[in-house]
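Residue numbers (my numbering): 93 to 404. These notes concern the structure reproduced below.
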């Protein structure tokens, strides 16, 4: 009876907090959407689509646009249409310290543009992994990671993840990538900046606390990982070793990743919230960061290094 009363009070409370709004679901803002992450390891490519109603998850690609690439303010080339909304450069690998601009024009839409600078690579000079130093309440071993980041003196933005990679086998033609998740003792830098209150398996942060120094970062994780399949190697090895992947990112990349984490974890849809039903009624919608002028999306740069971790 007590439980029933509490649920009844909760239902009344939720109803009293509801507000009816006028939702014009047939109105669609007609704008281009540009998405592209560039790094020195790959030819420049971007994806171009257009806005769609919030009630549809269909991606409406743009196939007949003129997408132009500039470097340091100078024309480089018109990107070639590939497929599924992807436009690719034939020859250009991004260079560190270079400023790249993408413009896109399509009939019936306002033109859009976006600009970002490729950062220099930051090195990991040492790192190791160990397990079994401590255990959780179920008797499973914790995983300890220590890496030393050689941070340059200027302001830097980072994304970090710890992985191990399995090669294709008789069960799968893909490379199986495992991301270490659930830090139980996170480094102070990650605690201050990496949105650990949300579900994350990569960690964005700045060098605010260690600018221009060699910083020793320590993290302890549960014995848990998120797995994904990839057609290509994430790190160029066929050995099933553990790696620390460090991306030096632009400010635009950093802002986008942080906004995406908050947006993704606040979506009020049941299949994303593995909690009681009322959990789908909380969480404020959060705006997505965009650096695309005249439209939506993200065009951002990063530079990546990886370090094979020693096993202790």
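Just so you know, even glycine gets a beta-carbon here, dropped at the ideal spot from N, CA and C.
Of the listed residues 300, 175, 205, nearest to residue 247 (C-alpha basis)
Sequence index remark: in the chain shown, residue 247 carries index 155 (1-based). Checking every option, the nearest Cα to that of residue 247 belongs to 300.
Give the range of the beta strand (DSSP E) segment to which residue 140 is assigned.
For this step, residue 140 is matched to residue 48 along the chain shown. Taken as a continuous stretch (DSSP letters only), the beta strand (DSSP E) holding residue 140 covers 137 to 142.
Can you tell me the Cα-Cα spacing of residue 134 and residue 225, whole angstroms?
In the chain shown, the residue the question calls residue 134 occupies position 42. In the chain shown, the residue the question calls residue 225 occupies position 133. Here the alpha carbon of residue 134 sits roughly 39 Å from the alpha carbon of residue 225.
Straight-line CA distance for residue 262 to residue 323?
Locating residue 262 in the chain shown gives position 170, counting from the first residue. Locating residue 323 in the chain shown gives position 231, counting from the first residue. When rounded, the separation of the alpha-carbon atoms in residue 262 and residue 323 is 15 Å.
According to DSSP, what are the bridge partners of residue 332?
For the purposes of this step, residue 332 is identified with residue 240 of the chain shown, where counting begins at 1. For residue 332, which the question treats as bridged, DSSP gives no partner whatsoever.
Among 123, 264, 329, whose alpha-carbon lies nearest the alpha-carbon of residue 257?
Numbered from its first residue, the chain shown carries residue 257 at position 165. The residue from 123, 264, 329 with its alpha-carbon nearest to that of residue 257 is 329.
Beta carbon of residue 346 nearer than 8 Å to that of residue 296
The count along the chain shown starts at 1 and reaches residue 346 at position 254. The count along the chain shown starts at 1 and reaches residue 296 at position 204. Between residue 346 and residue 296, the C-beta spacing is below 8 Å.
Flag this pair as yes or no: are the beta carbons of residue 220 and residue 276 separated by less than 8 Å?
Counting from 1 along the chain shown, the entry for residue 220 is found at position 128. Counting from 1 along the chain shown, the entry for residue 276 is found at position 184. In this structure, residue 276 does not lie closer than 8 Å to residue 220 by Cβ.
In three-state terms, what does DSSP make of residue 252?
What you label residue 252 is simply residue 160 of the chain shown in a count that begins at 1. In this structure, DSSP gives residue 252 an extended state, which the three-state scheme calls strand.
Could you tell me the alpha carbon to alpha carbon distance between residue 146 and residue 305, rounded to whole angstroms?
Indexing the chain shown from 1 puts residue 146 at position 54. Indexing the chain shown from 1 puts residue 305 at position 213. Cα to Cα, the separation comes out at about 46 Å.
Helix, strand or coil: how does DSSP classify residue 174 here?
Within the chain shown, the letter at position 82 stands for residue 174. Residue 174 carries a coil assignment under DSSP once its states are collapsed to helix, strand and coil.
Whole-angstrom distance between residue 230 and residue 483, CA atom to CA atom:
Because residue 483 is not part of the residues shown, which for the chain are 93 to 404, the question remains open.
Of the residues 285, 316, 151, 143, which one's Cα is nearest the Cα of residue 235?
Here residue 235 refers to the residue found at position 143 when the chain shown is read from its first residue. When 285, 316, 151, 143 are compared, the shortest CA-CA separation from residue 235 is found for 316.
Put residue 93 into one of helix, strand or coil per three-state DSSP.
As a working mapping, residue 93 is identified with position 1 in the chain shown. For residue 93, the predicted model reports a pLDDT of 45, less than 50, meaning its position is unreliable and no value from the coordinates is stated.
First and last residue of the alpha helix (DSSP H) that includes residue 124?
What you label residue 124 is simply residue 32 of the chain shown in a count that begins at 1. Note, residue 124: premise wrong, no alpha helix (DSSP H); beta strand (DSSP E) at 124 to 130.
Can you give the Cα-Cα distance for residue 260 and residue 125, rounded to whole angstroms?
Stepping through the chain shown from its first residue, residue 260 is reached at position 168. Stepping through the chain shown from its first residue, residue 125 is reached at position 33. The alpha-carbon separation between residue 260 and residue 125 amounts to approximately 35 Å.
Let's test the definition: count the other Cβ atoms within 10 Å of the Cβ of residue 272 and tell me whether it reaches 16, buried, or not, exposed.
As a first step, residue 272 must be located in the chain shown, where it is residue number 180. Classification of residue 272: buried, given that the 10 Å Cβ count is 16 or more.
Threshold first: 3 residues or longer. Then list the beta strand (DSSP E) segments lying entirely within the region 171 to 252, N to C.
Taking only runs of at least 3 residues, the beta strand (DSSP E) segments lying wholly in the region 171 to 252 are 178 to 180, 191 to 197, 204 to 209, 215 to 227, 233 to 242.
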